[in-house]
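Residues 1 to 931 in my numbering are what the sequence shown lists, from first letter to last. Working notes, structure below.
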Amino acid sequence: IRGEAASVVATPEESELPTSLPEPTSIEANDDELTSIFLDEGHEIHDAISECLDQWREDPEAMDGVAQLQQELHTLKGGARLSDVDPIAELAEAWSGALDTLLSNPGNQKLLLTLSGRGLGDLRSMLSELSHGNELIADPELLAAFNSALNPELERRDLSPEETASADQEALDPEILEIFLEEASEIMDQLEQLLDDWRKDSGNNHFNQEAQRALHTLKGGARLSQLTLLGDRAHTFETRLIDLGGNAPNDSQWQAITEDHDGIIALVSGISERFNSGAAAVEPTNELLSATVAPEQPVEAVEQPTPKPARAKARNRVPAAQETIRVSAPLLDDLVNLAGETSITRGRLEQQSSDFGHTLDEMAATIERLREQLRRMDIETEAQILFSAEKEHGPDYGEDFDPLEMDRYSSIQQLSRALTESSSDLADLRETLSDRVRDTETLLVQQSRINTELQEGLMKTRMIPFISMVPRLRRIVRQISGELGKKVEFDVRNAEGEMDRNILERMIAPLEHMLRNAIDHGIESPADRRKNGKAEAGDVTLSLAREGGDVVLRMIDDGAGIPSAVIRDKAIRQGLLREDEDLSEREILQFILQPGFSTAQQVTQISGRGVGMDVVASEIKQLGGSLDIESQLGRGTVFTVRLPFTVSVNRALMVSTGEDFYAIPLNTIEGIVRVSTYELEEYYKPDAPMYEYAGQEYRLQYLGSLLNSDHHPKLQGQALPLPVILVRGAEQPMALQVDNLMGSREIVVKSLGPQFSTVRGVSGATILGDGNVVVILDLPAMIRSDILSERERLANLEKARESARYEERATVVMVVDDSVTVRKVTSRLLERNGMEVITAKDGLDAVAQLQDHQPDIMLLDIEMPRMDGFEVASFVRHDDNLRDMPICMITSRTGEKHRERALAIGVNEYLGKPFQETELLKTIERLTGKQ
Numbered sequence: 001i002r003g004e005a006a007s008v009v010a011t012p013e014e015s016e017l018p019t020s021l022p023e024p025t026s027i028e029a030n031d032d033e034l035t036s037i038f039l040d041e042g043h044e045i046h047d048a049i050s051e052c053l054d055q056w057r058e059d060p061e062a063m064d065g066v067a068q069l070q071q072e073l074h075t076l077k078g079g080a081r082l083s084d085v086d087p088i089a090e091l092a093e094a095w096s097g098a099l100d101t102l103l104s105n106p107g108n109q110k111l112l113l114t115l116s117g118r119g120l121g122d123l124r125s126m127l128s129e130l131s132h133g134n135e136l137i138a139d140p141e142l143l144a145a146f147n148s149a150l151n152p153e154l155e156r157r158d159l160s161p162e163e164t165a166s167a168d169q170e171a172l173d174p175e176i177l178e179i180f181l182e183e184a185s186e187i188m189d190q191l192e193q194l195l196d197d198w199r200k201d202s203g204n205n206h207f208n209q210e211a212q213r214a215l216h217t218l219k220g221g222a223r224l225s226q227l228t229l230l231g232d233r234a235h236t237f238e239t240r241l242i243d244l245g246g247n248a249p250n251d252s253q254w255q256a257i258t259e260d261h262d263g264i265i266a267l268v269s270g271i272s273e274r275f276n277s278g279a280a281a282v283e284p285t286n287e288l289l290s291a292t293v294a295p296e297q298p299v300e301a302v303e304q305p306t307p308k309p310a311r312a313k314a315r316n317r318v319p320a321a322q323e324t325i326r327v328s329a330p331l332l333d334d335l336v337n338l339a340g341e342t343s344i345t346r347g348r349l350e351q352q353s354s355d356f357g358h359t360l361d362e363m364a365a366t367i368e369r370l371r372e373q374l375r376r377m378d379i380e381t382e383a384q385i386l387f388s389a390e391k392e393h394g395p396d397y398g399e400d401f402d403p404l405e406m407d408r409y410s411s412i413q414q415l416s417r418a419l420t421e422s423s424s425d426l427a428d429l430r431e432t433l434s435d436r437v438r439d440t441e442t443l444l445v446q447q448s449r450i451n452t453e454l455q456e457g458l459m460k461t462r463m464i465p466f467i468s469m470v471p472r473l474r475r476i477v478r479q480i481s482g483e484l485g486k487k488v489e490f491d492v493r494n495a496e497g498e499m500d501r502n503i504l505e506r507m508i509a510p511l512e513h514m515l516r517n518a519i520d521h522g523i524e525s526p527a528d529r530r531k532n533g534k535a536e537a538g539d540v541t542l543s544l545a546r547e548g549g550d551v552v553l554r555m556i557d558d559g560a561g562i563p564s565a566v567i568r569d570k571a572i573r574q575g576l577l578r579e580d581e582d583l584s585e586r587e588i589l590q591f592i593l594q595p596g597f598s599t600a601q602q603v604t605q606i607s608g609r610g611v612g613m614d615v616v617a618s619e620i621k622q623l624g625g626s627l628d629i630e631s632q633l634g635r636g637t638v639f640t641v642r643l644p645f646t647v648s649v650n651r652a653l654m655v656s657t658g659e660d661f662y663a664i665p666l667n668t669i670e671g672i673v674r675v676s677t678y679e680l681e682e683y684y685k686p687d688a689p690m691y692e693y694a695g696q697e698y699r700l701q702y703l704g705s706l707l708n709s710d711h712h713p714k715l716q717g718q719a720l721p722l723p724v725i726l727v728r729g730a731e732q733p734m735a736l737q738v739d740n741l742m743g744s745r746e747i748v749v750k751s752l753g754p755q756f757s758t759v760r761g762v763s764g765a766t767i768l769g770d771g772n773v774v775v776i777l778d779l780p781a782m783i784r785s786d787i788l789s790e791r792e793r794l795a796n797l798e799k800a801r802e803s804a805r806y807e808e809r810a811t812v813v814m815v816v817d818d819s820v821t822v823r824k825v826t827s828r829l830l831e832r833n834g835m836e837v838i839t840a841k842d843g844l845d846a847v848a849q850l851q852d853h854q855p856d857i858m859l860l861d862i863e864m865p866r867m868d869g870f871e872v873a874s875f876v877r878h879d880d881n882l883r884d885m886p887i888c889m890i891t892s893r894t895g896e897k898h899r900e901r902a903l904a905i906g907v908n909e910y911l912g913k914p915f916q917e918t919e920l921l922k923t924i925e926r927l928t929g930k931q
């Protein structure tokens with residue numbers, strides 16, 4: 001690229017020329033070295049050209065071999081020019097130009113194939129002469145033969161380098177660029193992992209070789225995508241690794257490797273941003289790339305070679321990428337929800353089919369009863385007829401005559417016989433219906449299997465491995481530790497675990513902030529660590545684990561720890577804690593999650609432990625998770641993040657305590673045992689021992705008492721042992737006794753909405769086949785809350801804090817008016833005076849918002865659409881939770897009639913429009929009792 005701050009050379013596979021040279025005089029100072037490198041490159045290109053010719057001979061009609069041959073020749077020409085091997089460059093240029101004629105004159109193919117064979121032999125001879133230090137002379141006859149084959153209209157060798165580059169730019173394929181960016185992302189992650197492993201075991205040359213392969217693949221793909229500068233930077237990096245041989249890098253070499261790595265990361269990131277913004281469709285990417293190159297690199301006008309495509313491996317990846325489609329996340333979520341609704345509908349059909357089966361069983365019993373009654377009726381009818389005949393004709397009646405001859409069968413007996421036949425028909429119909437029910441149940445089982453596979457497939461599309469974000473975290477560790485001059489070993493455990501894409505993306509920023517805190521204020525400087533008897537390099541470990549229904553992320557550092565005494569003193573100074581309060585160290589550490597709370601001596605640009613931790617905690621809480629902190633002064637800190645493993649469809653065990661039904665996800669349950677009532681009575685006594693099963697101790701408790709319900713275990717009169725559920729995933733495993741088990745079933749998890757989002761231990765609800773809603777319990781979270789015994793203590797602490805800060809809490813005002821102007825003017829006035837404002841556009845909107853918010857006072861207009869101010873005021877005064885909320889009406893209706901009606905409803909104050917600002921503020925202060 002002429003005029004750009006880089007020298008670019010396109011070269012082939014394996015060993016290639018370094019292109020971004022560290023000093024402007026490096027070419028002159030290292031001619032022998034350049035020649036040696038070019039020789040290695042030339043031999044490799046010679047072999048590649050030989051393969052291309054073989055491919056061309058095997059399939060003359062296909063142009064793939066010719067296109068690849070031209071790319072090899074362009075690469076050879078660029079390398080030869082830079083190494084001042086002009087005869088080889090002239091041969092490559094003439095040869096490549098002659099191949100262009102095949103596009104317009106396929107009849108030249110046989111001639112050019114013959115000339116190419118001669119060219120290959122001439123190249124081999126010149127490379128041999130160059131290796132012996134002899135002077136090179138290109139075959140003039142061969143050059144003339146190549147030149148005579150040129151079509152003047154297609155002659156590209158007379159074009160300027162700028163025109164050549166421009167022509168290449170026009171040939172850019174955005175689809176290829178998109179495929180490359182996907183591949184580059186994977187390669188960069190792989191390279192990040194390899195370099196990190198290599199740093200830990202620098203003497204292992206395997207990591208060096210694997211990194212070279214990754215860079216080699218990146219280089220080929222970049223050049224195929226016409227990202228020549230990126231390809232050259234990858235080549236420079238690869239050459240640096242090749243030059244190391246099998247030696248371990250020293251500190252300066254590690255520094256150079258890190259700089260090369262960071263440079264490539266910046267280039268790939270810049271290209272990706274341009275492509276995603278749509279700017280890459282006309283590929284001025286080389287300008288972008290060259291702008292990111294360090295300015296101290298030499299500027300040289302070197303002919304721009306045509307980018308070299310990746311080999312067959314890259315070409316073979318294209319069809320696979322073409323089979324990939326992009327689906328928007330909202331559409332995918334809708335599909336998951338629809339699949340969940342299908343599961344609910346199927347569940348209800350299963351329930352109805354089961355109920356129908358039970359009805360048929362009852363029908364069978366009824367038919368049997370009917371048959372028995374008809375049999376008895378037949379006997380009774382026969383007896384009555386015989387009795388009547390004997391009574392009328394005497395005891396000897398019937399000896400000489402058949403009963404039919406005597407017309408003994410009356411119409412009632414005929415009816416009884418007909419009823420018997422009808423009962424047989426009913427039995428046949430019931431059997432037919434039973435067969436249909438069995439067929440339906442079979443189809444529902446098949447549909448259940450298909451639906452489960454569909455649901456799991458959709459869910460898998462939303463799950464991505466945690467390892468995908470590890471390279472980004474490693475780069476942060478490397479960058480921050482480098483800026484601070486600290487040595488940090490970063491280890492990620494079980495990174496293969498998967499998480500929901502939405503949760504993982506939202507957790508990136510909190511994890512980055514926690515990493516910065518750990519390195520900046522957790523890990524000490526090497527000198528301090530030596531002084532404290534620690535290794536110079538600090539350890540930061542990030543682990544991923546599944547505990548029940550949670551995904552648990554633990555970030556552990558072996559640094560200085562968090563000084564709990566400092567936190568306590570600052571909490572007391574800020575009024576968050578009373579001096580006489582006795583809190584555990586774990587509870588004291590929770591104060592760093594308060595907004596603006598920091599223990600850092602000075603706030604740096606990188607981090608301040610505590611600054612921003614409230615944002616981290618808030619984000620985790622919004623995801624339905626929790627953040628716990630443990631620290632030991634001088635030994636380190638552990639941040640434990642628990643997040644829900646959000647799966648819309650799950651299998652759960654249905655249990656009951658008393659008359660209440662609950663669903664417990666099966667992944668929460670370790671096992672189920674049955675315990676006799678006698679044993680349970682012993683375990684429920686005070687100071688009872690722990691329940692032990694399979695060598696593990698469990699704290700036994702009744703599920704009803706864990707849920708704080710009024711139900712108690714029913715132990716008297718129970719002949720059979722009662723079921724006990726073993727639950728892991730908490731600090732202390734627990735055994736929970738339930739009254740009954742109703743079996744496991746597939747459930748669809750539904751959100752309970754914002755009203756119940758803060759309820760601890762409830763992860764959602766599901767709809768059963770009969771339409772009933774059943775709560776899904778998150779037992780690990782519930783057990784943690786119970787074990788820590790923090791519920792009452794934290795509630796009392798929060799009350800004390802609220803009472804201490806009550807006067808400081810901002811007044812919340814709801815402004816209800818259909819005029820946008822009035823809402824804006826009033827809101828600005830109130831916000832300037834330190835109040836929080838909730839606005840509603842009419843009465844119906846206000847009533848809806850009052851379900852979620854309870855303001856300190858309401859400013860209410862009268863004339864509004866959908867629901868006027870009088871109706872809103874009546875609603876408030878008849879609501880048990882809102883009846884005491886002050887209401888101030890502000891309206892243009894200042895007549896006595898409207899005022900009297902408002903005051904009769906219970907409005908506290910009645911002001912006219914336009915209101916006086918001072919009067920309104922005084923009214924709010926008077927009605928709320930707060931300034």
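Idealized CB from N, CA, C, for every residue including glycine. Bear in mind that the values here come from a model prediction, so they are computed numbers and not experimental data.
Taking a contact as a CB-CB distance under 8 Å, the pair Met363 and Arg462 does not count as one, their CB atoms being some 47 Å apart.
Rounded to the nearest whole angstrom, the CA to CA distance from Lys200 to Ala248 is 11 Å.
Between Val638 and Pro510 the beta-carbon gap is near 15 Å, outside 8 Å, which marks them as no contact.
When Cβ pairs closer than 8 Å are counted between the two stretches, the segment 57–73 is seen to touch the segment 90–100, the count reaching three or more.
Here Ser626 is bridged, per DSSP, to Arg642.
Closest in alpha carbon position to Asp262, among Val327, Lys750, Gln209 and Asp189, is Asp189.
Going by DSSP, Asn740 is part of the beta strand (DSSP E) stretching over Asn740 to Val748.
A distance below 8 Å between beta-carbons, with the five flanking residues on each side excluded, links Leu120 to the following residues of its chain, in chain order: His46, Ile49, Ser50 and Leu53. Scanning Ile588, Ile257, Gly482 and Ile508 for the CA closest to the CA of Ala537 turns up Gly482.
Nearest in C-alpha terms to Pro595, of all of Arg586, Arg375 and Glu619, is Glu619.
Per the C-alpha coordinates, the member of Tyr691, Thr918, Ile264 and Lys714 positioned closest to Leu726 is Tyr691. In the DSSP annotation of this structure, the continuous segment of the beta strand (DSSP E) that includes Ile556 starts and ends at Asp550 to Asp557. Comparing alpha-carbon positions, the option among Leu844, Thr35, Ser116 and Gly79 lying closest to Leu69 turns out to be Ser116. Counted as a single uninterrupted DSSP element, the stretch harbouring Leu542 is not any alpha helix (DSSP H) but the beta strand (DSSP E) occupying residues Gly538 to Glu547. Taking C-beta atoms as the reference points, Gly843 and Arg877 fail to come closer than 8 Å. In the structure shown, Thr766 falls within a strand segment according to DSSP collapsed to helix, strand and coil.
Taking the Cα positions, Arg438 is about 21 Å away from Ser424. For Leu700, there is no enclosing alpha helix (DSSP H); the enclosing beta strand (DSSP E) has its first and last residue at Gln696 to Tyr702. A direct Cα-to-Cα measurement between Asp628 and Asp251 gives close to 38 Å.
A contact is defined here as three or more CB-CB pairs under 8 Å, and the segment 740–758 fails this definition with respect to the segment 710–720. Within the same chain, and ignoring the five residues on either side of Glu579 in sequence, the residues whose Cβ sits closer than 6 Å to its Cβ are Ile572. With contacts defined by Cβ atoms closer than 8 Å, Met734 and Arg699 form a contacting pair.
Ala560 is a Cβ neighbour of Gly522, given a cutoff of 8 Å. In the DSSP annotation of this structure, the continuous segment of the beta strand (DSSP E) that includes Leu722 starts and ends at Leu722 to Val727. Around the beta-carbon of Ala848, fewer than 16 other beta-carbon atoms lie within 10 Å, marking it exposed.
Beta-bridge partners assigned by DSSP to Ala663: Met654 and Ile776. Counting C-beta pairs closer than 8 Å gives three or more between the segment 456–471 and the segment 490–507, which meets the contact rule. Looking from the CA of Leu143, the closest CA among Trp95, Arg926, Arg417 and Asp778 belongs to Trp95.
Its Cα nearest to that of Asn667, the residue Arg651 stands out among Val748, Arg651 and Glu659. Taking the C-beta atoms as reference points, Phe237 is found nearer than 8 Å to Ile264.
Distances from the alpha-carbon of His43 to those of Ala80, Leu829, Leu99 and Leu332 put Ala80 closest.
When the five nearest sequence neighbours on each side are left out, the beta carbons in the same chain lying within less than 8 Å of the beta carbon of Gly771 are those of Arg348, in order along the chain. The C-beta of Val327 has fewer than 16 other C-beta atoms within 10 Å across all chains shown, which makes the residue exposed. Where Arg493 is concerned, the enclosing beta strand (DSSP E) starts and stops at Val488 to Arg493. Within a 10 Å sphere around the beta-carbon of Ala234 sit 16 or more other beta-carbons, which makes this residue buried.
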